[in-house]
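For reference, the structure discussed in these notes is given below.
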Amino acid sequence: MTTQLDIKDFGAIGDGIEKDTFAIQQAINQGAEQGVTVFISKGIYLVGALFLKEGSKLKFEKGATLLGSTDISDYPEINTRVAGVEMLWPAAILNAISANNVEISGEGLIDGQGQHWWDIYCGADKNSGLRVDYDKKGLRWIADYLVKRPRSCLIYEAENIKISDLTFERAGFWNLQITYANNVLVRKVKIGDNHGPSTDGIDIDSSTNVRVTECEASCGDDCIVIKSGRDGDGHRVGRISENIEVDNCKIKSGYGITLGSEVSGGIRGVHIHDIEFENSDCGFRMKSSKERGGFIEDVIVENLHMKNVQFPFSWIMDWHNSYNRKLFENIEQLPTMWQAVALQIPEDMQMTKVRNISISNVNATLDSDYALPARAFDLVAFPEKPMENIRFSQCNIEAKEFGRIVAVNGLQFNDVTVSVAEENNYSNDTFDNQ
17 MTTQLDIKDF GAIGDGIEKD TFAIQQAINQ GAEQGVTVFI SKGIYLVGAL FLKEGSKLKF
77 EKGATLLGST DISDYPEINT RVAGVEMLWP AAILNAISAN NVEISGEGLI DGQGQHWWDI
137 YCGADKNSGL RVDYDKKGLR WIADYLVKRP RSCLIYEAEN IKISDLTFER AGFWNLQITY
197 ANNVLVRKVK IGDNHGPSTD GIDIDSSTNV RVTECEASCG DDCIVIKSGR DGDGHRVGRI
257 SENIEVDNCK IKSGYGITLG SEVSGGIRGV HIHDIEFENS DCGFRMKSSK ERGGFIEDVI
317 VENLHMKNVQ FPFSWIMDWH NSYNRKLFEN IEQLPTMWQA VALQIPEDMQ MTKVRNISIS
377 NVNATLDSDY ALPARAFDLV AFPEKPMENI RFSQCNIEAK EFGRIVAVNG LQFNDVTVSV
437 AEENNYSNDT FDNQ
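Count along the sequence shown starting at 1, add 16, and that's the number in this note's numbering.
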């Protein structure tokens, strides 16, 4: 009895020139029907969107690469969620949509050919591209949604998913997005060479019972991030992210491990532990905006080792106004996608509530020749809705500046040592407003 199907037996070439999408999809379809593994043997397979099926098992041989096409027409638009808002958007390179009991494994690579997509968005000089046109019109808030770029892997409305040993590089947009999913294990995944805009590493979005363990991330944005919907659309959907564990991971660049900024559905029951950060912009980060609403609560963070991290604890509840403040007059006259992004929640439900956050056993150090900013704390909420019950214990933090603590009730420091070299540099208040 056949135990696996090799994609080359279905006509896949693997030369990185001829598109192999159809051949690989045929193998996926048959593998799911027969209940056997689909084997991606060594080669470079140029592909558009691929769709896994119920029970799919996809195994990469070491040296096997899925190379994402740079033709946007190779990614059909699907009903999905992008940055916290439901809309039509291109499918990912590899998709598991309403497909349960899926396994993706092996030391292969998904290469999104990100430079092509990054140049469209912001130009090779990172100061041109379509983003500049929107910025000039005061439309920063909609730009990320209008400049469509494929994600590398999307898990959507799915249960019982395992992803292991895979490497992601050069994503056009987010690398691995896990949305509306339950019971997901991501283990020994590596994410690197992602220096473009919005190249998040692993996004856990309105999902439950997710564990990310033994992973390594180097990204141009948030490395491992938990989300639950943006503003009015996120409130409409109303799906929480809950029971999430992130452990034994290495963060090498990017904005660290983040909760937010899309938190309108709420985030609860997060355990982050045994993490190494080196030369990253942030360590443990939480971000939201006044319009977001929602909550972040019952979070335990412990055993963090940080070396040359600019912002070990950046928790800003009114982050990046130009991205979050939507400028429009008549919402009903906007295009459908714009309306979805612009939708607000009731004013009395705005501002994110942060409570019951426990941080323990943290060691953050700087090399003697470290030249970048280093701010120990940015704990900034609203007086109308302060953070509550925040506890730091057994922490040793070396920084250039102390930072800010605003609107925090019940802040406890127990056995916390902070070494600060200079006064606050207030330009660091908005370090990530890009």
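C-beta: ideal position from N, C-alpha, C; glycine also.
For the pair Ser280 and Asp394, the Cα-to-Cα distance works out to about 21 Å. The continuous alpha helix (DSSP H) containing Asn45 extends over residues Thr37 to Gln50.
Ranked by how close their Cα comes to the Cα of Glu70, the residues Asn117, Thr96, Asp36 and Asp87 have Asn117 in first place. Taking all protein chains shown into account, Ala187 has 16 or more neighbouring C-beta atoms within 10 Å of its C-beta and is therefore buried. The bridge partners DSSP lists for Tyr61 are Leu82. Taking a 10 Å sphere around the C-beta of Asp127, we find 16 or more other C-beta atoms and assign the residue as buried. Counting along the chain, the unbroken beta strand (DSSP E) around Val98 starts and ends at Glu93 to Val98. A distance below 8 Å separates the beta carbons of Met333 and Val370. Of all C-beta pairs linking the stretch 292 to 305 to the stretch 363 to 381, three or more are shorter than 8 Å, placing the two stretches in contact. Here Tyr442 is exposed. Its C-beta has fewer than 16 other C-beta atoms within 10 Å.
Rounded to the nearest whole angstrom, the C-alpha separation of Asn379 and Ala65 is 43 Å. Here the alpha carbons of Asn143 and Ala197 stand approximately 36 Å from one another. Per DSSP, reduced to three states, the secondary structure at Arg147 is helical. Within its own chain, the residues whose Cβ lies closer than 6 Å to the Cβ of Phe55, once the five positions on either side in sequence are excluded, are Gln20, Asp22 and Lys75, listed in chain order.
Under the three-pair Cβ rule at 8 Å, the stretch 192 to 207 does not count as touching the stretch 143 to 155. Boundaries of the beta strand (DSSP E) harbouring Leu201: Asn198 to Arg203, taken from the DSSP string.
For Leu83, the closest C-alpha among the options Val101, Ala108 and Thr96 is that of Ala108. Of the other Cβ atoms in all chains shown, 16 or more fall within 10 Å of the Cβ of Gly282; this residue is therefore buried. Scanning its chain for C-beta atoms nearer than 7 Å, with the 5 sequence neighbours on each side dropped, one finds no residue around Ala140. With contacts defined by Cβ atoms closer than 8 Å, Glu173 and Ile113 form a contacting pair. Residue burial is scored here from C-beta neighbours: Asn340 has at least 16 other C-beta atoms within 10 angstroms and is therefore classed as buried. Burial is judged here by how many other beta carbons sit within 10 angstroms of a residue's own beta carbon; Phe429 has fewer than 16 and is exposed.
Counting every other CB atom within 10 Å of its CB across the protein chains shown gives Phe38 a total below 16, marking it as exposed.
Cys231 sits in coil when the DSSP states are folded into three classes, being neither helix nor strand.
Taking Ala437 as the centre and dropping the five residues before and after it, the same chain places the C-beta of Lys416 closer than 6 Å to its C-beta, in chain order. Taking all protein chains shown into account, Gln349 has fewer than 16 neighbouring C-beta atoms within 10 Å of its C-beta and is therefore exposed. Residue burial is scored here from C-beta neighbours: Lys153 has fewer than 16 other C-beta atoms within 10 angstroms and is therefore classed as exposed. In the structure shown, the three-state DSSP call for Asp219 is strand.
Judged by DSSP in its simplified three-state form, Ala358 adopts helix. Judged by DSSP in its simplified three-state form, Leu382 adopts coil rather than helix or strand. Between Ile361 and Asp247, the C-beta spacing is below 8 Å.
Between Val357 and Val101, the gap from beta carbon to beta carbon is short of 8 Å.
Secondary-structure assignment with DSSP links Asp445 through no beta bridge to anything.
Val436 has Ala415 as its beta-bridge partners, per DSSP. In the DSSP assignment, Arg391 falls within the unbroken beta strand (DSSP E) covering Arg391 to Val396. The straight-line gap separating the alpha-carbon atoms of Asp385 and Asn264 is approximately 28 Å.
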